[in-house]
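One structure is given below, encoded as structure tokens.
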Amino acid sequence: MEPASVRKHSLLSMIARNGGHGEHSPYFDGWKAYDRNPFHPTQNPDGVIQMGLAENQLSFDLIEEWIKNNPTASICTPDGVGKFKDVAIFQDYHGLPEFRQAIAKFMGRVRRGKVTFDPDRIVMSGGATGASETLIFCLADPGDAFLVPSPYYPAFDRDLRWRTGVRLIPFACDSTNNFQVTLAQMESAYAKAIEANINVKGVILTNPSNPLGINLSKETLTSLLSFTFEKNLHMVCDEIYSATVFKSPAFTSIAEVMQETECNPDLVHIIYSLSKDMGLPGFRVGIIYSYNDQVVNCARKMSSFGLVSSQSQHLLASMLSDEVFIEKFLEENSRRLGKRHSRVVEGLKQEGINCLEGNAGLFLWMDLRHLLKEPTPDAEMELWRVIIKDVKLNVSPGSSFHCPEPGFFRVCFANMDDHTVEVALQRIREFVSRGNKNGDDKKHWRKRDLRLSFTSRKCDESLISPRQIMSPHSPVPQSPLVRART
Ligand SMILES: Cc1ncc(COP(=O)(O)O)c(C=O)c1O
Numbered sequence: 001m002e003p004a005s006v007r008k009h010s011l012l013s014m015i016a017r018n019g020g021h022g023e024h025s026p027y028f029d030g031w032k033a034y035d036r037n038p039f040h041p042t043q044n045p046d047g048v049i050q051m052g053l054a055e056n057q058l059s060f061d062l063i064e065e066w067i068k069n070n071p072t073a074s075i076c077t078p079d080g081v082g083k084f085k086d087v088a089i090f091q092d093y094h095g096l097p098e099f100r101q102a103i104a105k106f107m108g109r110v111r112r113g114k115v116t117f118d119p120d121r122i123v124m125s126g127g128a129t130g131a132s133e134t135l136i137f138c139l140a141d142p143g144d145a146f147l148v149p150s151p152y153y154p155a156f157d158r159d160l161r162w163r164t165g166v167r168l169i170p171f172a173c174d175s176t177n178n179f180q181v182t183l184a185q186m187e188s189a190y191a192k193a194i195e196a197n198i199n200v201k202g203v204i205l206t207n208p209s210n211p212l213g214i215n216l217s218k219e220t221l222t223s224l225l226s227f228t229f230e231k232n233l234h235m236v237c238d239e240i241y242s243a244t245v246f247k248s249p250a251f252t253s254i255a256e257v258m259q260e261t262e263c264n265p266d267l268v269h270i271i272y273s274l275s276k277d278m279g280l281p282g283f284r285v286g287i288i289y290s291y292n293d294q295v296v297n298c299a300r301k302m303s304s305f306g307l308v309s310s311q312s313q314h315l316l317a318s319m320l321s322d323e324v325f326i327e328k329f330l331e332e333n334s335r336r337l338g339k340r341h342s343r344v345v346e347g348l349k350q351e352g353i354n355c356l357e358g359n360a361g362l363f364l365w366m367d368l369r370h371l372l373k374e375p376t377p378d379a380e381m382e383l384w385r386v387i388i389k390d391v392k393l394n395v396s397p398g399s400s401f402h403c404p405e406p407g408f409f410r411v412c413f414a415n416m417d418d419h420t421v422e423v424a425l426q427r428i429r430e431f432v433s434r435g436n437k438n439g440d441d442k443k444h445w446r447k448r449d450l451r452l453s454f455t456s457r458k459c460d461e462s463l464i465s466p467r468q469i470m471s472p473h474s475p476v477p478q479s480p481l482v483r484a485r486t
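In terms of UniProt numbering, the sequence shown opens at residue 1 and continues consecutively.
See the structure below:
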């Protein structure tokens with residue numbers, strides 16, 4: 001706690017000053033490196049390739065085609081402008097009924113019709129980012145805690161904690177069982193927290209997982225749900241990658257497990273978004289789906305801080321209601337993700353690099369433990385600096401996901417075209433063969449000039465992007481700190 005005198009003379013609030021945004025992380029440093037020198041196939045072929053961005057850009061052509069074929073869905077066409085006035089006027093925070101209906105149906109479709117969603121429980125927010133913060137505001141007070149299996153999505157530290165004052169308690173999953181979440185780990189984390197007098201309000205799961213690219217089995221979900229029921233804890237499931245599953249096992253939603261497991265529905269909440277499944281992060285469509293009426297009411301009131309614009313709702317209501325299109329989109333999108341995933345996994349395998357066997361998501365979990373000087377977080381950072389600076393790939397180190405075991409890196413594969421993937425694989429090939437030429441010393445890169453130093457969380461100036469030289473190809477329009485959230 002700051003001394004009262006500091007607080008009194010400070011121009012900004014404690015929250016504004018407390019660094020809770022989490023920008024001092026290698027996850028964000030990698031973005032700066034990319035932003036400083038972004039790859040472009042012709043204009044900057046030696047630039048950094050962005051593999052730290054969990055965006056799904058593989059099926060834009062399908063959406064573009066749909067937009068062209070459906071001019072009445074947009075108010076910006078001669079055919080659709082007739083709806084302009086309806087869309088332009090002030091909306092209440094319930095959102096357009098047709099949008100809520102369409103998204104509820106879409107969520108059910110993504111879960112293969114095994115569950116249905118009630119449009120009256122759909123609460124909108126600005127992306128899953130806004131949705132999860134709103135939900136946490138509804139469920140917990142400053143100082144309360146949620147258990148989260150790690151490795152987990154780094155921006156949870158910002159989204160769930162910064163403004164709410166809530167704590168996250170990671171419980172570690174590791175390579176000994178392929179990073180599966182177990183009930184035993186959760187029980188032990190819970191017991192320790194209780195012993196430390198921490199008020200645990202719930203558990204937060206991401207299913208399928210970012211960064212692991214795997215989904216939770218029905219058995220695991222059932223055991224975790226039973227545990228939270230027994231302890232009267234909230235179960236929050238972030239299911240924003242539910243339609244990115246490209247091979248078996250199929251995705252199981254907590255909504256499905258609830259139907260078959262003894263539980264208290266008032267304690268179960270789903271976070272959803274169209275950012276990953278439809279590849280529309282710019283639309284900022286986030287959903288809170290709670291089975292608790294009080295949470296629905298409160299979240300709806302709070303949603304006025306981050307509504308989805310009626311223009312987006314109008315377009316999406318129409319697109320999501322087109323069942324023929326949605327069917328085709330989901331199938332083709334998952335086929336393309338699977339194909340891309342296989343290509344990257346194969347390419348890495350040829351260089352002796354293994355990945356956790358994944359079946360979902362927009363990324364894979366790459367195992368570079370054999371390239372670490374020693375199994376420590378510092379060695380992981382050292383290797384990561386080389387990958388950014390010499391290999392010029394922005395992959396994200398496991399430590400930024402609170403991974404307990406050094407040597408793993410998240411590699412995003414769906415935010416680029418085929419050519420860029422091949423360039424990235426070629427760079428890895430050269431990197432590995434440079435190591436092989438050095439005979440026994442496969443970790444030859446250790447001897448190179450590692451000028452970059454992010455230790456003590458100060459970035460090397462050469463990696464920080466001065467706004468004025470930012471490439472027009474950069475996906476980071478302002479600061480990556482503002483933008484980075486994937
Ligand atoms: C697990 C998870 N939750 C939430 C988000 C934020 O999504 P949105 O763009 O909808 O705010 C992301 C983005 O990467 C994510 O991976």
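C-beta: ideal position from N, C-alpha, C; glycine also.
Asked	Found
Any heavy atom of ligand 1 inside 7 Å of the beta-carbon of Y27?	no
DSSP puts C237 in a beta bridge; with which residues?	L205 and I270
Taking buried to mean at least 16 other C-beta atoms within 10 Å of its own C-beta, is E374 buried or exposed?	exposed
When the Cα atoms are used, what is the spatial distance from N264 to M278?	31 Å
Which residue comes first and which comes last in the alpha helix (DSSP H) that contains S310?	S310 to S321
When the distance is taken between beta carbons, is T244 closer than 8 Å to L337?	yes
For G407 versus N210, is the C-beta distance shorter than 8 Å?	no
Report, in whole angstroms, the separation of the C-beta atoms of D174 and P404, which I expect to be a contact under 8 Å.	6 Å
Is I388 near V48, with beta carbons less than 8 Å apart?	yes
Are S125 and G306 close, meaning C-beta to C-beta below 8 Å?	yes
Of the choices R284, Y291, E187 and H9, whose alpha-carbon is the least far from that of P170?	E187
Could you please give the first and the last residue of the uninterrupted beta strand (DSSP E) stretch that includes Y289?	V285 to S290
Identify whether E163 lies in helix, strand or coil by the three-state DSSP scheme.	The sequence as given places Arg at residue 163; Glu does not occur at that position. R163 falls in the coil class under three-state DSSP.
Going by DSSP, what residues sit across from I169 in a beta bridge?	L147
Below 8 Å CB to CB, which residues in the same chain sit around L183 once its five sequence neighbours on both sides are set aside?	T220, S223, L224 and F227
Between residue 499 and the rest of its own chain, which residues show a CB-CB distance below 6 Å, the 5 nearest in sequence each way excluded?	This structure does not reach residue 499, given that the chain is present from 1 up to 486, and the question cannot be answered.
Cα separation between I288 and V296?	8 Å
Do N415 and L62 come within 8 Å of each other at the CB atom, strictly closer than that value?	no
Where does P41 land, buried or exposed, given buried means 16+ other C-beta within 10 angstroms?	exposed
For ligand 1, any of its heavy atoms closer than 7 Å to the Cβ of D277?	no
Run the proximity test for S400: is its beta-carbon closer than 7 Å to any non-hydrogen atom belonging to ligand 1?	no
For G126, write down the residues that DSSP places opposite it in a beta bridge.	V285
What separation, rounded to the nearest whole angstrom, lies between the Cα atoms of T376 and L425?	26 Å
Contact defined as beta carbons within less than 8 Å: I believe L356 pairs with N178. What is the distance between those atoms, to the nearest angstrom?	6 Å
Is the separation between the beta-carbon of K83 and that of L139 shorter than 8 Å?	no
Which one of P281, K349, E332 and G20 has the shortest CA to CA distance from S312?	P281
Pair every Cβ in the stretch 90–105 with every Cβ in the stretch 231–248, then say whether three or more of these pairs are closer than 8 Å.	no
Compute every distance between the C-beta of P265 and the non-hydrogen atoms of ligand 1, then say whether any falls below 7 Å.	no
So, helix, strand or coil for D118, using DSSP?	coil
State the start and end residues of the unbroken beta strand (DSSP E) segment that holds F409.	F408 to C412
Between which two residues does the beta strand (DSSP E) holding D367 run?	F363 to D367
Are at least three pairs of beta-carbons, each pair with one atom in the stretch 311–328 and one in the stretch 126–146, less than 8 Å apart?	no
Can you list, in chain order, the residues of its chain whose CB lies under 7 Å from that of E380, leaving out five sequence neighbours each side?	L372, P397, G398, S399, P406 and G407
With C-beta atoms as the reference, is R158 less than 8 Å away from G22?	yes
Using 7 Å as the cut-off, classify the Cβ of I254 as near or not near the heavy atoms of ligand 1, replying yes or no.	no
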